[in-house]
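Residue numbers for the sequence shown follow this note's numbering, so the first one is 28 and each next one is one higher.
Remarks on the structure that follows.
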Amino acid sequence: MKTHSRRRRGQGLLLRLGIVPLMLLFLAGCSGGTAAEPQPVEPDDRPVVLTTFTVLADIAQNVAGEHLRVESVTRLGAEIHGYEPTPDDLRRASRADLILDNGLNLEAWFAQFVADNPAPHVTVSDGVEVIDIADEEGSGKPNPHAWMSPLNVQKYAGRIAEAFSELDPEHASDYRANAAQYQSKLQAVHDELAASLTQIPESHRTLVTCEGAFSYLARDVGLTEKYLWAVNAESQATPRKVAAAIDAVREQQVPAVFCESTVSDAAMQRVVESTDAVYGGTLYVDSLSAADGPVPTYLDLITHDTRTIARALKGELP
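Have a look at this one:
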């Protein structure tokens, strides 16, 4: 692993040139008083870990603890699939000591993003049991949304802990302990959902969403999955696919349907209008919310989604 000394380039340059002292004297003279002493800025020499999206950044932060600085390429609320990195993203990547990506074709832009970057990168989904997309447009390709299974994220956490231990061997035991603690919390979320779904009749155990982002979660807890498009592409919500969803909801008497926060729910609302199903709520997949929003962390996201799904399918909506 490379060192992070390059982040110190240029430190002290203004001081050596005398620019900072001269500026302070000038400001003091203009104010007619004594300039306030500048507050020292605490240097942050921790290694920088750059992740491709906010969900992965939060998972990584839980493993990193206080020892690493974890950042996300994409912003809160951003859609990850078709993201286009900016020049600033490339500059940030050039200062990173480690880059984490999800893989499974989630970040179509990633190969070019790291093409000229010497920083090592780790694909955190390596080792999960992949589910292929069943939709005809994506047939044979892996479904990239492996993090929507808390059991898969247990594997993410273990892989991240090993990557961090290689980057920063001095704190390897902390990374592994953090990962183990986080894995216990993930297991609790999975167990809660599995238990809540046992009360749902088999005929109602169908999860209908806009995007096919819940294949791994559905597999974990024994739900049948139906969606309008496989991977975020609202243009794929064709009349034929909407009609097929309407037929499935009617035939299986599905009590509620859902859509994701980063796309329009207009197509799913047509399903609601044509069936007896209700709109069960908005689910979160590709991005966290702001700190004061509904899903500021991955554990909040997966807990929100699992509880929303369980309540709606059990008919417990107000």
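Beta carbons: idealized from backbone N, C-alpha and C, even for Gly.
N- and C-terminal bounds of the beta strand (DSSP E) containing residue i
i: residue 344; result: Residue 344 -> no beta strand (DSSP E), and no H or E assigned at all.
i: residue 140; result: First-last for residue 140: 137 to 140, but that is the alpha helix (DSSP H), not the beta strand (DSSP E).
i: residue 176; result: Segment: none, residue 176 is in no beta strand (DSSP E) and carries neither H nor E.
i: residue 148; result: 148 to 150
i: residue 306; result: 305 to 310
i: residue 100; result: That residue, residue 100, is in no beta strand (DSSP E); it is neither H nor E in DSSP.
i: residue 255; result: 251 to 256
Residue burial classification, residue i (beta-carbon count within 10 angstroms, cutoff 16)
i: residue 186; result: buried
i: residue 214; result: exposed
i: residue 167; result: exposed
i: residue 230; result: exposed
i: residue 345; result: exposed
i: residue 109; result: exposed
i: residue 376; result: Outside the shown range of the chain, which is 28 to 345, sits residue 376, and nothing can be said about it.
i: residue 200; result: exposed
i: residue 304; result: buried
i: residue 181; result: buried
i: residue 328; result: buried
i: residue 70; result: exposed
i: residue 113; result: exposed
i: residue 332; result: buried
i: residue 282; result: buried
i: residue 252; result: buried
Start-to-end residues for the alpha helix (DSSP H) that takes in residue i
i: residue 81; result: 81 to 91
i: residue 202; result: 199 to 224
i: residue 267; result: 266 to 279
i: residue 235; result: Run containing residue 235: none in the alpha helix (DSSP H); it sits in the beta strand (DSSP E), 233 to 238.
i: residue 159; result: Note, residue 159: premise wrong, no alpha helix (DSSP H); not H, not E.
i: residue 127; result: Segment 125 to 128 is the beta strand (DSSP E) holding residue 127; no alpha helix (DSSP H) there.
Same chain only: Cβ atoms within 8 Å of residue i, ignoring 5 sequence neighbours per side
i: residue 292; result: 237, 286, 306, 309
i: residue 90; result: 184, 187, 188, 191, 202, 205, 206, 209
i: residue 339; result: 282, 283, 285, 305, 307, 308
Three-way DSSP call (helix, strand, coil) for residue i in this model
i: residue 53; result: For residue 53, the predicted model reports a pLDDT of 35, less than 50, meaning its position is unreliable; a value from the coordinates is still stated below. Of the three classes helix, strand and coil, the one that applies to residue 53 here is helix, per DSSP.
i: residue 73; result: coil
i: residue 289; result: coil
i: residue 169; result: strand
i: residue 62; result: Low per-residue confidence applies at residue 62: pLDDT is 45, beneath 50, and the placement is therefore not dependable enough to give any value.
i: residue 328; result: helix
i: residue 315; result: coil
i: residue 338; result: helix
i: residue 333; result: helix
i: residue 153; result: coil
i: residue 187; result: helix
i: residue 193; result: helix
i: residue 246; result: helix
i: residue 48; result: No answer about residue 48 holds up, because its pLDDT of 40 lies below 50 and its placement is not dependable.
i: residue 119; result: helix
i: residue 294; result: helix
i: residue 322; result: coil
8 Å contact criterion, which residue i and residue j should meet: CB distance rounded
i: residue 216; j: residue 330; result: 6 Å
i: residue 82; j: residue 174; result: 6 Å
i: residue 268; j: residue 255; result: 5 Å
i: residue 75; j: residue 84; result: Going by Cβ atoms, the distance from residue 75 to residue 84 rounds to 12 Å, so no, they are not a contact pair.
i: residue 233; j: residue 279; result: 5 Å
i: residue 103; j: residue 315; result: 6 Å
i: residue 148; j: residue 128; result: 6 Å
Neighbourhood of residue i by C-beta, 6 Å cutoff - its chain only, sequence neighbours within 5 removed
i: residue 133; result: 171
i: residue 130; result: 150, 152
i: residue 176; result: 243, 244, 247
i: residue 277; result: 302
i: residue 48; result: Unreliable positioning characterises residue 48 in this predicted model, as indicated by a pLDDT of 40, which lies under 50. The coordinate reading is nonetheless provided below. So the list is empty, once near-sequence residues are dropped.
i: residue 335; result: 308
i: residue 227; result: 340, 341
Other residues of its chain near residue i: CB distance less than 7 Å, five sequence neighbours each side excluded
i: residue 223; result: 337
i: residue 121; result: 144
i: residue 343; result: none
i: residue 266; result: none
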